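Engineer:
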Amino acid sequence: MAEEPNPTNSNNIEMNVTASGDSKVTQVGQINAAEVKIVVERIEPILERLQQIPKAESPGVLKAWKTQKSLAYWQGRKAEIAQIQRWLTDNNTFLIGIEGIGGAGKSMLAAKIYEEIAGFPKRFWGDVSNGASFSDLARQVLREFGFPVPEEEAKLVEALVRCLRSGEFLLIIDNLESLLQPNRQWGSLFYGEFFTAWVEFGGNSKVIVTTRERPELKGFEWLPLKGLQVDEGVGLLTALGIRGDLAEFVELVDGHPLLLRLVGDLLKEEYPQDPDLRRLADLGLGNLRQLLTDPQVVGVHRRENVGMVLVLDASFERLSELQKALLLNISVYRGAVDSAAAMAMLPGSSAVEIEGELRNIVKRSLLVEKLNGKRRFEFQPVVLEYVRYKAGDQTQAHQRAIYYYLLNVKQKPWQTKEDIKEHLEIFYHWYQLEKYNWAFDTLRVCNDLLILRGYYTTQIDLYSQLIEAWEKIGEKKNLNHAAAFTSLGNACHSLGQYQQAMTWHEESLHIKKEIGDYRGQGTSLGNLGNAYDSLGQYPLAIEYYHKSLEIFQKIGDRYGEGTSLNNLGIASRGLKQYPQAISFFQKSLKIFEEIGERRGKGNSLTGLGNIYYLLGQDQQSIEYYQQSVEIFKEIGDLSGESNSLGNLGNVYRSLENYERAINYYQQSLQIQRKIGNLRGQANAWFNLGLTLEKVYQESDALGAYRNAHERFEEMGLNAELALCKNAIERLSQPKAPVVSQRGFWGWLRRLWRWVRAWFRR
């Protein structure tokens with residue numbers, strides 16, 4: 002059939018038709034183009050409105066009447082099962098929802114409940130992933146439970162509610178999100194009516210749904226399902242026959258059940274004789290993103306062969322454009338974010354609008370909401386890596402994050418790591434943008450606090466990242482590199498890692514010689530001396546200290562000169578050259594007082610206290626230690642404060658004032674725990690052990706020695722380790738009971754023995 006313009010009327014459309022075979026053509030009229038246009042213009046708005054109205058029913062198919070989920074390789078979920086059991090026995094709970102991202106194991110958990118839960122003599126499992134109609138579901142449930150099925154579709158909601166109210170039934174509706182529109186409204190009016198009625202009237206029956214998205218309906222008890230616990234994930238991989246560092250891998254993938262299963266199946270297929278996790282590197286699967294996106298990592302999910310990206314795509318594509326943009330941009334942040342941080346990514350939106358969208362995304366299982374005084378939102382690791390993969394280049398988002406944190410930095414004085422959180426986040430975003438020198442400059446702003454508060458592991462982590470990055474891009478070594486090596490060396494030294502500290506300080510010294518940094522060479526020489534001193538190699542330490550002193554005196558650096566003199570005092574003490582050590586400490590103390598350097602003054606006072614303690618002049622040593630404690634407290638030097646408190650404990654132990662000694666050791670230990678200093682903790686525990694022995698608390702002393710042993714062993718300090726072993730062996734030997742002679746009862750026993758002896762004369 003063809004259309005041609007009518008030569009007699011331009012508005013008429015002539016229709017020429019050719020008949021074939023026995024067919025005939027009968028002309029019944031003609032079409033006027035102008036009239037057609039008018040009709041179309043009138044109908045289009047009506048069609049648009051009709052499309053916006055939810056369809057009464059969809060022609061979907063209900064897949065199953067009983068669960069078809071295999072519980073083979075089932076692991077864990079004890080806490081989740083216990084929670085669902087509590088809800089199932091609660092008379093006020095009618096609707097239970099299991100929510101989570103794709104592959105989290107929602108259907109498996111529901112199947113476990115369906116198959117093994119007690120009670121509920123009649124059960125029905127309905128998989129609505131194909132958008133099954135309510136009519137189909139309701140009719141089959143009514144038949145399964147032995148209830149009459151009304152002919153009128155409109156009466157099915159009431160009939161199903163009455164059915165469930167009449168007995169103790171269990172109805173599980175799997176993949177509920179398939180019934181929802183992108184705005185989380187019901188795609189079928191009947192489903193909405195049923196759930197609303199069931200929430201209102203309820204009964205002894207229970208309805209459990211699994212879903213990736215929450216419907217807009219109150220009355221549910223929701224169980225957010227995350228990954229398996231580490232031991233549960235290890236159990237799953239073990240059951241699958243996988244070998245290797247299972248716990249580490251489970252942590253990497255956040256225990257995501259589907260991903261664990263896909264990886265296990267891949268290894269068994271590719272390496273049936275050796276399904277070890279180390280084989281993943283041979284397959285080019287070294288990180289979480291590769292595991293999510295590589296086409297090798299596929300398997301059956303919902304009866305389809307899919308990879309993790311396709312599983313998560315199904316949820317992501319249902320988001321609005323604003324929600325997608327929000328999710329992609331906030332993925333540059335680390336940890337939980339609030340609406341203010343999220344709003345910085347989309348400046349054109351209000352805080353109320355952003356928070357509303359974030360909460361909406363939570364209900365789609367793509368974010369987790371945290372309420373701890375302030376509403377915050379965070380990603381699960383698998384979702385975070387997926388979203389960052391979808392985002393691609395995030396340069397602009399990182400820049401916006403830096404600007405946001407710059408506007409929110411806390412002003413000095415700083416007391417804790419939390420006070421410099423914004424600076425550490427700025428460091429992270431500069432690093433992600435590969436602006437490593439800017440990242441270094443940001444870190445130096447808060448470096449003093451990291452030292453004073455003893456955040457040595459943080460320093461090691463951040464400076465190591467910078468050095469690795471600089472070496473990777475082949476940047477020419479400069480002062481920033483040298484300073485980073487120095488900070489690494491000092492942090493390692495503070496943690497008792499002396500050999501590693503020497504390696505870093507030698508690197509720093511080498512760079513400073515290359516670039517002609519004379520003052521820096523003096524500092525590195527002093528730091529090397531510190532490492533040798535801590536290893537007990539005092540002559541070598543003194544050699545390095547004299548070299549550094551010579552440099553600082555030559556360039557007129559008073560602080561460096563005072564530090565070198567103080568270090569020489571420490572090394573002289575190690576050689577038991579006490580008069581010479583006192584002279585060095587007094588010289589350094591004078592310099593630090595003249596230049597107003599409080600921390601240096603505290604160190605010199607501590608040095609003098611140590612010498613007078615060794616000379617047996619306890620009262621004088623106490624005075625020096627107490628002065629140093631006050632100074633370190635004033636300037637917030639936790640490490641210095643802890644060391645001086647430990648020194649006071651030593652003095653009072655030698656004076657046999659054990660109660661005060663224990664008190665000082667405990668204060669010192671508390672600080673060393675706070676700053677994470679293993680050497681300081683080990684020393685405090687060992688000294689506590691010595692003192693507890695003196696007051697006959699041998700069980701507590703044994704525990705203290707064991708704690709010290711554990712930390713000395715971790716640091717590889719063999720001499721101290723041997724002392725701990727000897728103490729542990731000594732206290733582990735069986736002994737006859739020892740009765741304390743201390744106190745009133747000891748005096749009374751001695752008096753009785755004297756009286757009895759007197760009468761025997």
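Mind the numbering: the sequence shown is residues 2 to 762 in this note's numbering, read in order.
Note that the Cβ used here is the ideal one computed from N, Cα and C, for glycine as well.
As the structure is a prediction and not an experimental result, all values here were calculated from the model.
Taking the alpha carbon of F135 as the reference point, which residue from E117, E116, G120, K156 has its own alpha carbon closest?
Structural biologist: Of E117, E116, G120, K156, the residue nearest in Cα terms is K156.
Engineer: Could you work out which residue in G228, V312, W88, R319 is closest to I209 when comparing CA atoms only?
Structural biologist: The residue with the shortest Cα to Cα distance from I209 is W88.
Engineer: Between the beta-carbon of K123 and the beta-carbon of L171, is there less than 9 Å?
Structural biologist: The answer is yes: Cβ separation under 9 Å.
Engineer: If we count the other Cβ atoms within 10 Å of its Cβ and call it buried at 16 or more, is I72 buried or exposed?
Structural biologist: The sequence shown places Leu at residue 72, rather than the Ile named in the question. It is exposed - the Cβ of L72 has fewer than 16 other Cβ atoms within 10 Å.
Engineer: Cutting at 6 Å between CB atoms, please list the residues of its own chain near R661, excluding the five before and the five after it.
Structural biologist: Correct list, in chain order: Y653.
Engineer: Less than 8 Å between the CB atoms is what I'm expecting for Y546 and S565, so what's the real figure, rounded?
Structural biologist: So it is a contact: roughly 5 Å between Cβ atoms.
Engineer: Any contact between the region 482–491 and the region 520–538? By contact I mean 3 or more CB pairs, one from each, below 8 Å.
Structural biologist: These segments touch.
Engineer: Report the rounded CA-to-CA distance for G228 versus Q667, giving the unit in angstroms.
Structural biologist: Spanning the two alpha carbons is a distance of roughly 40 Å.
Engineer: With a 10 Å radius around its C-beta and 16 neighbouring C-beta atoms as the bar for buried, classify L107 as buried or exposed.
Structural biologist: It should be noted that the sequence gives Lys, not Leu, for residue 107. Counting Cβ neighbours within 10 Å, K107 comes out buried, since at least 16 surround it.
Engineer: One question on the structure: do Y560 and G601 come within less than 9 Å of each other, judged by their Cβ atoms?
Structural biologist: A contact, by the Cβ cut-off of 9 Å.
Engineer: Which term fits A80, buried or exposed, when burial requires 16 or more other beta carbons within 10 angstroms of its beta carbon?
Structural biologist: A80 comes out exposed.
Engineer: With K513 as the anchor, note down where its alpha helix (DSSP H) starts and where it stops.
Structural biologist: Residues 499–516.
Engineer: By how many angstroms is the C-alpha of H710 removed from the C-alpha of L480?
Structural biologist: Their Cα atoms are separated by approximately 39 Å.
Engineer: Near K411, which residues of its chain fall below 6 Å by C-beta distance, leaving aside the five closest residues on each side in sequence?
Structural biologist: Excluding positions up to five away in sequence, the list reads D420.
Engineer: According to DSSP, which residues form a beta bridge with I1?
Structural biologist: Because the chain is modelled from 2 through 762, residue 1 falls outside the range shown and cannot be assessed.
Engineer: Alpha carbons only, please: which of Q578, S589, E624, I571 is nearest the one belonging to Q554?
Structural biologist: It is S589.
Engineer: Among N648, V369, L323, Q618, whose alpha-carbon lies nearest the alpha-carbon of I355?
Structural biologist: Nearest of N648, V369, L323, Q618 to I355, Cα basis: L323.
Engineer: What alpha helix (DSSP H) runs, 4 residues minimum, are completely inside the region 554–587?
Structural biologist: Fully enclosed alpha helix (DSSP H) runs of 4 or longer: 559–575.
Engineer: Can you tell me the Cβ-Cβ gap for D266 and G245, rounded? I've got them flagged as a contact below 8 Å.
Structural biologist: Wrong, their Cβ atoms sit about 15 Å apart, outside the cutoff.
Engineer: Looking at C-alpha atoms only, which residue of E386, Q291, I174 is the closest neighbour of I331?
Structural biologist: Comparing Cα positions, the closest option is E386.
Engineer: Could you tell me if V353 is buried or exposed, where buried requires 16 or more neighbouring beta carbons within 10 angstroms of its beta carbon?
Structural biologist: Exposed: under 16 other Cβ atoms inside 10 Å.
Engineer: How about F586 and L616: do their beta carbons lie closer than 9 Å?
Structural biologist: No.
Engineer: Once the 5 residues before and after F633 are set aside, which same chain residues still bring their CB inside 7 Å of it?
Structural biologist: Once the five neighbours on either side are set aside, the close Cβ partners of F633 are G603, G641, E642, S645.
Engineer: Should the region 400–408 be called in touch with the region 355–371, which here means at least 3 C-beta pairs below 8 Å?
Structural biologist: The answer is no - the region 355–371 does not touch the region 400–408, with fewer than three Cβ pairs under 8 Å.
Engineer: Cutting at 7 Å between CB atoms, please list the residues of its own chain near E715, excluding the five before and the five after it.
Structural biologist: Only L679 meet the Cβ criterion.
Engineer: Following the continuous alpha helix (DSSP H) through L247, name the residue where it begins and the one where it ends.
Structural biologist: Here the alpha helix (DSSP H) through L247 covers 247–253.
Engineer: Taking only three categories from DSSP, how would you classify D295?
Structural biologist: Looking at D295 - three-state DSSP - the assignment turns out to be coil, as it is neither helix nor strand.
Engineer: Using the Cβ count rule (16 or more neighbours within 10 Å means buried), how would you classify L674?
Structural biologist: The identity of residue 674 in the sequence shown is Arg, whereas the question assumes Leu. Per the 10 Å Cβ criterion, exposed.
Engineer: Compare the beta carbon distance of L311 and Q76 with 9 Å and say whether it is the shorter of the two.
Structural biologist: No, these two residues do not count as a Cβ contact at 9 Å.
Engineer: Do the CB positions of T197 and I174 come within less than 9 Å of each other?
Structural biologist: Result no, Cβ atoms of T197 and I174 do not sit closer than 9 Å.
Engineer: Pop quiz: A337 and L359 are said to be a contact at Cβ under 8 Å. What is the actual Cβ separation, rounded to whole angstroms?
Structural biologist: Rounded, the Cβ-Cβ distance is 11 Å, inconsistent with contact.
Engineer: What first and last residue would you give for the alpha helix (DSSP H) that runs through E426?
Structural biologist: Residues 422–433.
Engineer: Check W415 in the structure and name its three-state DSSP category.
Structural biologist: Coil, per DSSP.
Engineer: Going by the beta-carbon positions, is the gap between F121 and V158 smaller than 9 Å?
Structural biologist: Contact: no.
Engineer: For D128, which residues does DSSP report across the bridge?
Structural biologist: D128 is bridged to D175.
Engineer: Suppose you measure from the CA of Q578 to the CA of G234; what does that come to, to the nearest Å?
Structural biologist: Between Q578 and G234, the C-alpha separation is close to 60 Å.
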